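S.K.: Pasting a structure here, questions to come.
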Amino acid sequence: MSAILMAAFALPGASSAGSAGLTAAPAGTRAMWLWGADPAIDVVDWAVAKGVSEIFVYVAPAVLTNGDLARLQDLKERVTPLGIKLRALGGDPDWVTDQAAALAWQRAVVSTGLFSGIHVDVEPYATDGWTTDQRGTQTAFLALLDKMRTASSLPLEADVPFWYGQYKLGRKNFADEVLRRVNAVTVMSYRDTGTGTNSMLDISQDWLARGRALGKRVRLGAETGPLTDCTYCTFAEEGATRLDEELSKVDAATRSTAAFGGIAVHHYAAWRTLPS
């Protein structure tokens, strides 16, 4: 999403109810997005070197016919002995209204038998409807999550901006309603500091509190690609050493944060080319 849009919203207050048995993910728990058709051997080598235990692998809607399947099968064969999980990554703002396309993609993903979960990046706020009919767009997005949750037995996760909690649908909070429909979320907590004011952890507090209240895992996301409209939203300038230092600070600061599910790095191609 636009870094300016992500940077523009202030955080609302949040609930601090019980943790429903959750405990913080171990320090060093890492995931990453994989959008490109990179060679499986390179991806796996990087994942092992960086301690990545889950990969959100982009899967095209035409995966069964476009020639991608062999590469994905190779990736699956390589990660299985290492205990690394693959989650199918897909999404399009148009899925909010074209839900048949989303469900067709999900059916294709499930039919491959390669993935341990579904990870969607739909971003309804990128549609015209967010401006012209926000309530209807939010309702349609929740309906999409309902359909995807019931369409397969695979866990469903969603990428979310940090500011969903400021919206309500009637008396219900939009962020809470998203959480109720998924198994976990990954917050696009894109900042170039891990802790402190306006940091990854700071802007994610609302989601972490809501996750604790509802018993749902909340990952934090770190951006590594260049963002010309929001340089403080990415580690592209700070580099790999600074990234590691700041993510370690997040780990240390979340030892008693029950819903914390680790950190996901966006994304493989940018991460591996960060300056030192």
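One rule links them: number in this note's numbering = place in the sequence shown (from 1) + 47.
Just so you know, even glycine gets a beta-carbon here, dropped at the ideal spot from N, CA and C.
Note that this is a predicted model, so its numbers are computed, not measured.
(1) Note down the Cα distance separating residue 185 from residue 298, rounded to an integer number of angstroms.
(2) Can you check which of these residues, 90, 113, 152 and 212, is closest to residue 224 by C-alpha distance?
(3) Per the contact definition of three or more C-beta pairs closer than 8 Å, is the stretch 161-170 in contact with the stretch 67-76?
(4) On the DSSP bridge list, what partners appear for residue 166?
(5) Looking at C-beta atoms only, is the number of pairs between the stretch 108-117 and the stretch 236-251 that lie closer than 8 Å three or more?
(6) Report the start-end ranges of each alpha helix (DSSP H) in the stretch 75-149 that is 4 residues or longer and not cut off at the edges.
(7) As an exercise, report each continuous beta strand (DSSP E) stretch of at least 3 residues that is fully enclosed by the stretch 243-275, in chain order.
(8) Using DSSP bridges, identify the partner residues of residue 233.
(9) Determine the DSSP secondary structure at residue 321, reduced to helix, strand or coil.
(10) Apply the 10 Å Cβ neighbour rule to residue 130 and answer buried if 16 or more other Cβ atoms are within range, or exposed otherwise.
(11) Please name the residue, chosen from 97, 300 and 83, that lies closest to residue 291 on a Cα-to-Cα basis.
(12) With a threshold of 8 Å between beta-carbons, can residue 230 be considered close to chain C, or not?
(13) If you check the beta carbons only, do residue 234 and residue 263 fall under 8 Å apart?
(14) Span of the alpha helix (DSSP H) holding residue 286?
(15) How is the alpha helix (DSSP H) around residue 183 delimited, first residue to last?
(16) Taking the alpha helix (DSSP H) that residue 173 belongs to, which residues open and close that run?
(17) Counting Cβ pairs, one atom from each stretch, are 3 or more of them under 8 Å apart for the stretch 81-91 and the stretch 264-277?
(18) Any idea which residues DSSP pairs residue 325 with across the strands?
(19) Do residue 110 and residue 147 count as a contact pair if the criterion is CB distance below 8 Å?
(20) Residue 102 and residue 133 - do their beta-carbons sit closer together than 8 Å?
(21) Quick check on residue 311: does DSSP put it in helix, strand or coil?
(22) Is it right to say residue 253 is buried, meaning 16 or more other beta carbons lie within 10 angstroms of its own, or is it exposed?
(23) Does the Cβ-Cβ distance between residue 71 and residue 150 come in under 8 Å?
(24) Indicate the three-state DSSP secondary structure (helix, strand or coil) for residue 159 in the structure shown.
(25) Any idea if residue 251 is buried or exposed, counting beta-carbon neighbours within 10 angstroms, 16 or more meaning buried?
M.R.: Concretely, from the data shown:
(1) The C-alpha of residue 298 is placed about 32 Å away from the C-alpha of residue 185.
(2) When the alpha-carbon of residue 224 is set against those of 90, 113, 152 and 212, the nearest one is in 212.
(3) No: fewer than three Cβ pairs fall under 8 Å.
(4) 136 and 204, per the DSSP bridge assignment.
(5) The way I'd put it, the stretch 108-117 doesn't touch the stretch 236-251; fewer than three beta-carbon pairs between them come closer than 8 Å.
(6) Assignment of alpha helix (DSSP H) within the stretch 75-149, counting only whole runs of 4 or more residues, yields 87-97 and 116-126 in chain order.
(7) The beta strand (DSSP E) runs of length 3 or more contained entirely in the stretch 243-275 are, from start to end of the chain, 264-270.
(8) 206 and 266.
(9) It is coil, neither helix nor strand.
(10) Residue 130 comes out exposed.
(11) Of the candidates 97, 300 and 83, the one whose C-alpha sits nearest the C-alpha of residue 291 is 97.
(12) No chain C appears in the structure shown, which is made up of a single protein chain.
(13) Not a contact, by the Cβ cut-off of 8 Å.
(14) Looking at the DSSP string, residue 286 is not in any alpha helix (DSSP H), and its letter there is neither H nor E.
(15) 181-198 is the span of the alpha helix (DSSP H), which, as asked, contains residue 183.
(16) Unbroken run through residue 173: none, as it is neither H nor E.
(17) Flag = no, the stretch 81-91 and the stretch 264-277 do not touch.
(18) Shown here, the chain extends from 48 to 323; a query on residue 325 therefore has no answer.
(19) For residue 147 and residue 110, no; Cβs fall outside 8 Å.
(20) Closer than 8 Å, so yes.
(21) Residue state, collapsed to three classes: strand.
(22) So residue 253 counts as buried.
(23) Not closer than 8 Å, so no.
(24) Helix.
(25) Residue 251 should be labelled buried.
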